[in-house]
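Before any comments, here is the structure.
2 protein chains.
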Amino acid sequence: MNGLSEPAEIRAAIRRGDYAGPTAGLAPEFVQTNLVVVPSDAAGDMADLCARNPVPCALIEKLPVGRFHPECAPDADLRTDLPKYRVYRKGLLLEKRTDILDLWHEDFVAFLIGCSYTFEDALVSAGFSMRHHAEGKSVPMYRTSLRLMPAGRLWGHMIVSMRPFKPEDVETVRELTRPYRAAHGEPVHWGDPDAIGIRRLEQPDEGDPVTIERGEVPVFWGCGVTPQNVAIESRLPYVIVHEPGHMFVTDMHHQELARDDARTASRP
Amino acid sequence: MNGLSEPAEIRAAIRRGDYAGPTAGLAPEFVQTNLVVVPSDAAGDMADLCARNPVPCALIEKLPVGRFHPECAPDADLRTDLPKYRVYRKGLLLEKRTDILDLWHEDFVAFLIGCSYTFEDALVSAGFSMRHHAEGKSVPMYRTSLRLMPAGRLWGHMIVSMRPFKPEDVETVRELTRPYRAAHGEPVHWGDPDAIGIRRLEQPDEGDPVTIERGEVPVFWGCGVTPQNVAIESRLPYVIVHEPGHMFVTDMHHQELARDDARTASRP
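This is the structure:
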């Protein structure tokens, strides 16, 4: 993927089958998103889940029934333009694939959910190094004991991503990530992993373990893989999601997701 | 307050000092709200707290700095039109009062947060009886172990309200309350109180205990008293809130708060 910095070029390469790897670092100024696709009879519950749990599940866009060209990238095709997909049935992983053309149904509803690459860009721009970048790994993700607000048939626990920082940097890290409400915003927890039900930092549930240096603390953010965990815990009849780390690259710049206080001043 | 069914009449009676009691049952078709007033330097954090925890803290309206005439009741005065107020300093209850005229500062920012009276109206309209109504009590409220998503200097645990129902009615109760996202929406939990850190149902932290009949289960909703608990747990320097149960009566009809899916289909 060297030399491809435009979202449309990256999506075209993925669509052609020329790339099926992780999207971290691709088109770094552009927003990437998580994908959740459900049959329309589950779409109301999924919309409620996002509305009630905006930290892990900040909705960037809910597409109309049957549509696969999102507003945030009108020439994209959500059926082909992500490197890898997962299909779950009744909470079980059925298969992984590189496109969902033959699975797509006019009754499907797609949701695009904010991704931590947005706030990582803000942290890197401010001079912070991401440990998983330095070690050439995927960010570690963990199941937690943090209960989601249930929504219809959907319930479950939050997935978080983790990045280590020095304790004296935590407030700065919180401030830098806070404006990106639509990309998980500030951390949900920092310090003792056990307080949120994480037993072993060296064994993430998704992604790779990263080194925590002496004197660093783990800092945890809500993660857009959460709906996958909800699909599993709720035994949702059918859901298609992205493979963690293999995101949808949009045409939106990160700054478009930064908090606009004027918008939050009026009624929801 | 007999005979007063219009919000403006009720607010006028409260303003004159003719009424300082609970507002349950007054102007039952109209939305009542929780009140939180903070100095402007804490307003960004409070807005974030609401955005990140919309189930207990659904924002109906955030007023501009110094303003006390809300859009949802333009002729009202938030300094005089609630029956009772509480003032907290550094997490401690400083005083209770029936107006805050002499405390008001041009630097204050007022937040109006949705209230369960909205969904109670929907439940009563569907034929359900509220136990606290039948027993002439205030709804019981409890501190829980449910962690809020932190927002700047604000952190803490959720307060919930509880109403008992028969297990076979829980799904109907969930469906009836779900559309009122701006008034806590559907329950956060039902059944075992211990699962959300409630040890003794007969000893609520606010409001009154109510009878749970044999065969009924307690059903718990997010509660707009949560910001008071956050002010206490976070030791917020200064905050003015309403006395629980003594709400602000708006000019909005409950139906105006019912979910409008069209609004949730676009970007947040």
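Going down the list, the sequences are from chains A and B.
Going by my numbering, the first sequence opens with residue 1, and the numbers climb by one from there.
Going by my numbering, the second sequence opens with residue 1001, and the numbers climb by one from there.
For every residue, glycine included, the Cβ atom is placed at its ideal position computed from N, Cα and C.
Nothing here was measured: the structure is a model prediction, and the numbers come from that model.
Exercise. Can you give me the Cβ contacts of B:Val1249 inside the same chain, cut-off strictly under 7 Å, excluding the 5 residues immediately before and after it?
Key: Within the second sequence, numbered from 1, the residue matching residue 1249 of chain B stands at position 249. Cβ contact annotation for B:Val1249 (same chain, cutoff 7 Å, sequence separation greater than five): Pro1007, Ile1010, Arg1011, Thr1023, Leu1026, Ala1027, Phe1030 and Gln1032, in chain order.
Quiz prompt | Local Cβ density within 10 Å of A:Thr211, reported as buried at 16 or more and exposed below that | solution = Stepping through the first sequence from its first residue, residue 211 of chain A is reached at position 211. Burial call: exposed.
Quiz item: Is B:Pro1237 near B:Lys1090, with beta carbons less than 8 Å apart?
Solution: Numbered from its first residue, the second sequence carries residue 1237 of chain B at position 237. Numbered from its first residue, the second sequence carries residue 1090 of chain B at position 90. Taking 8 Å as the Cβ cut-off, B:Pro1237 and B:Lys1090 qualify as a contacting pair.
Quiz prompt | Own chain, CB closer than 7 Å to B:Ala1195, minus 5 neighbours either side, in chain order | solution = Walking along the second sequence from the start, residue 1195 of chain B turns up at place 195. If we look at B:Ala1195 and ignore the five residues flanking it on each side, its Cβ neighbours are His1189.
Quiz item: Going by DSSP, what residues sit across from A:Thr276 in a beta bridge?
Solution: Nothing can be reported for residue 276 of chain A, as the shown portion of chain A is limited to 1 through 268.
Quiz item: So, is A:Gly127 buried or exposed, given that buried needs 16 or more other C-beta atoms within 10 angstroms?
Solution: Along the first sequence, read from residue 1 onward, the residue named residue 127 of chain A stands at position 127. Classification for A:Gly127: exposed.
Quiz item: Rounded C-beta distance between A:Pro167 and A:Val87? I'm assuming under 8 Å.
Solution: For the purposes of this step, residue 167 of chain A is identified with residue 167 of the first sequence, where counting begins at 1. For the purposes of this step, residue 87 of chain A is identified with residue 87 of the first sequence, where counting begins at 1. A Cβ-Cβ separation of about 42 Å leaves A:Pro167 out of contact with A:Val87 under the 8 Å criterion.
Quiz item: Can you give, in chain order, each stretch of the alpha helix (DSSP H) that sits fully within the stretch 1184–1215 of chain B and has at least 4 residues?
Solution: Complete alpha helix (DSSP H) runs here, min 4: none at all.
Quiz item: How is A:Thr89 classed by DSSP in three states: helix, strand or coil?
Solution: By 1-based counting over the first sequence, the position of residue 89 of chain A is 89. Per the sequence shown, residue 89 of chain A should be read as Arg rather than Thr. Three-state result, A:Arg89: strand.
Quiz item: Skipping 5 residues on each side, what residues in its chain have a beta carbon closer than 7 Å to that of B:His1246?
Solution: Looking up residue 1246 of chain B in the second sequence gives position 246. The answer, listed in chain order, is Pro1022, Thr1023, Leu1082, Pro1083 and Lys1084.
Self-check item: Euclidean distance between Cα positions of A:Ala76 and B:Thr1144
Solution: Here residue 76 of chain A refers to the residue found at position 76 of the first sequence. Here residue 1144 of chain B refers to the residue found at position 144 of the second sequence. Rounded to whole angstroms, A:Ala76 to B:Thr1144 spans 45 Å at the Cα level.
Quiz prompt | Residue closest to B:Pro1056, alpha-carbon to alpha-carbon, out of B:Thr1098, B:Ile1113 and B:Ala1258 | solution = Counting from one through the second sequence, the residue named residue 1056 of chain B turns up at place 56. B:Pro1056 has its Cα closest to that of B:Ile1113, out of B:Thr1098, B:Ile1113 and B:Ala1258.
Quiz prompt | Closest residue to A:Leu94 among A:Arg15, A:Phe68, A:His133 and A:Arg235 (Cα-Cα distance) | solution = Here the question's residue 94 of chain A lines up with position 94 in the first sequence. For A:Leu94, the closest C-alpha among the options A:Arg15, A:Phe68, A:His133 and A:Arg235 is that of A:Arg235.
Quiz item: Are there three or more Cβ pairs, one per stretch, closer than 8 Å when the stretch 1177–1191 of chain B is compared with the stretch 45–52 of chain A?
Solution: With a cut-off of 8 Å, the stretch 45–52 of chain A and the stretch 1177–1191 of chain B count as touching, because enough Cβ pairs lie within range.
Quiz item: Do you know offhand how far A:Pro164's Cα is from A:Gly191's?
Solution: Position 164 of the first sequence holds residue 164 of chain A. Position 191 of the first sequence holds residue 191 of chain A. Rounded to the nearest angstrom, the two C-alpha atoms are 9 Å apart.
Exercise. Name the residue from A:Met130, A:Val241, A:Asp251 and A:Leu257 whose alpha carbon lies nearest to the alpha carbon of A:Pro209.
Key: Indexing the first sequence from 1 puts residue 209 of chain A at position 209. Scanning A:Met130, A:Val241, A:Asp251 and A:Leu257 for the CA closest to the CA of A:Pro209 turns up A:Met130.
Self-check item: Short CB-CB distance (under 8 Å) between A:Leu236 and chain B
Solution: Residue mapping note: residue 236 of chain A aligns to position 236 of the first sequence, counting from 1. Judged by the 8 Å Cβ criterion, A:Leu236 is not in contact with chain B.
Exercise. Use the C-beta contact count for B:Pro1064: other C-beta atoms within 10 angstroms, 16 or more gives buried, fewer gives exposed.
Key: The count along the second sequence starts at 1 and reaches residue 1064 of chain B at position 64. By the neighbour-count rule (16 or more Cβ atoms within 10 Å), B:Pro1064 is not buried but exposed.
Quiz item: So which residues of chain A does B:Leu1154 contact, with C-beta pairs closer than 9 Å?
Solution: Position 154 of the second sequence, counted from the start, is the residue given in the question as residue 1154 of chain B. Within 9 Å Cβ-Cβ: nothing; B:Leu1154 doesn't reach chain A, min ~11 Å.
Exercise. Using a Cβ cut-off of 8 Å (strictly closer), state whether B:Ala1051 contacts chain A.
Key: Indexing the second sequence from 1 puts residue 1051 of chain B at position 51. At least one chain A Cβ lies under 8 Å of B:Ala1051.
Quiz item: Buried or exposed: A:His269, going by 16 or more other Cβ atoms within 10 Å of its Cβ?
Solution: Here chain A comprises residues numbered 1 to 268, so residue 269 of chain A is not present and cannot be evaluated.
Self-check item: B:Pro1227 - DSSP class collapsed to helix/strand/coil
Solution: Translated into the one-based positions of the second sequence, residue 1227 of chain B becomes position 227. Three-state DSSP puts B:Pro1227 in a helix.
Quiz prompt | Span of the beta strand (DSSP E) around A:His242 | solution = Against the first sequence, residue 242 of chain A aligns to sequence position 242. For A:His242, the enclosing beta strand (DSSP E) covers residues Val239 to His242.
Exercise. Drop a sphere of 10 angstroms on the beta-carbon of B:His1132, count the other beta-carbons inside from all chains shown, and report buried for 16 or more, exposed for fewer.
Key: Against the second sequence, residue 1132 of chain B aligns to sequence position 132. Answer is buried; the Cβ neighbour count reaches 16.
Quiz item: In whole angstroms, what separates the C-alpha of A:Arg15 from that of A:Arg97?
Solution: The residue you call residue 15 of chain A lines up with position 15 of the first sequence. The residue you call residue 97 of chain A lines up with position 97 of the first sequence. Answer to the nearest angstrom: the Cα atoms are 12 Å apart.
Quiz prompt | Endpoints, the alpha helix (DSSP H) within which B:Glu1106 is located | solution = Within the second sequence, numbered from 1, the residue matching residue 1106 of chain B stands at position 106. That residue, B:Glu1106, is in no alpha helix (DSSP H); it is neither H nor E in DSSP.
Self-check item: Where A:Arg147 falls, given that 16 or more other Cβ within 10 Å makes a residue buried
Solution: Taking the first sequence and counting its residues from 1, the one referred to as residue 147 of chain A is at position 147. Here A:Arg147 is buried, its C-beta having at least 16 other C-beta atoms within 10 Å.
Quiz item: CA-CA distance, B:Cys1115 and B:Thr1177?
Solution: Position 115 of the second sequence, counting from 1, holds the residue named residue 1115 of chain B. Position 177 of the second sequence, counting from 1, holds the residue named residue 1177 of chain B. In a straight line, the C-alpha of B:Cys1115 is about 12 Å away from that of B:Thr1177.
Quiz item: Under the rule that 16 or more other beta-carbon atoms within 10 Å means buried, what is B:Val1124, buried or exposed?
Solution: What you label residue 1124 of chain B is simply residue 124 of the second sequence in a count that begins at 1. So B:Val1124 ends up on the exposed side.
Self-check item: Secondary structure of A:Met46, DSSP reduced to three states
Solution: Taking the first sequence and counting its residues from 1, the one referred to as residue 46 of chain A is at position 46. Helix at A:Met46.
Quiz item: Roughly how many whole angstroms lie between the Cα atoms of A:Asp102 and A:Gly66?
Solution: Residue mapping note: residue 102 of chain A aligns to position 102 of the first sequence, counting from 1. Residue mapping note: residue 66 of chain A aligns to position 66 of the first sequence, counting from 1. A:Asp102 and A:Gly66: Cα-Cα distance of roughly 14 Å.
Quiz item: Would A:Ala151 be called buried (16 or more neighbouring beta carbons within 10 Å of its own) or exposed?
Solution: As a position in the first sequence, residue 151 of chain A is number 151, starting the count at 1. When all chains shown are included, A:Ala151 counts as buried.
Quiz item: Name the residues in the stretch 139–170 of chain A whose C-beta lies less than 9 Å from a C-beta of chain B; which are they?
Solution: For the stretch 139–170 of chain A, which is checked against every Cβ of chain B, the residues closer than 9 Å are Leu146, Arg147, Met149, Pro150, Ala151 and Gly152.
Quiz item: Do B:Trp1221 and B:Ser1138 have their C-beta atoms within less than 8 Å of each other?
Solution: The count along the second sequence starts at 1 and reaches residue 1221 of chain B at position 221. The count along the second sequence starts at 1 and reaches residue 1138 of chain B at position 138. Contact: no.
Practice problem: Use the C-beta contact count for A:Leu154: other C-beta atoms within 10 angstroms, 16 or more gives buried, fewer gives exposed. | Solution: For the purposes of this step, residue 154 of chain A is identified with residue 154 of the first sequence, where counting begins at 1. Burial check for A:Leu154: the Cβ neighbour count within 10 Å reaches 16 or more, so the residue is buried.
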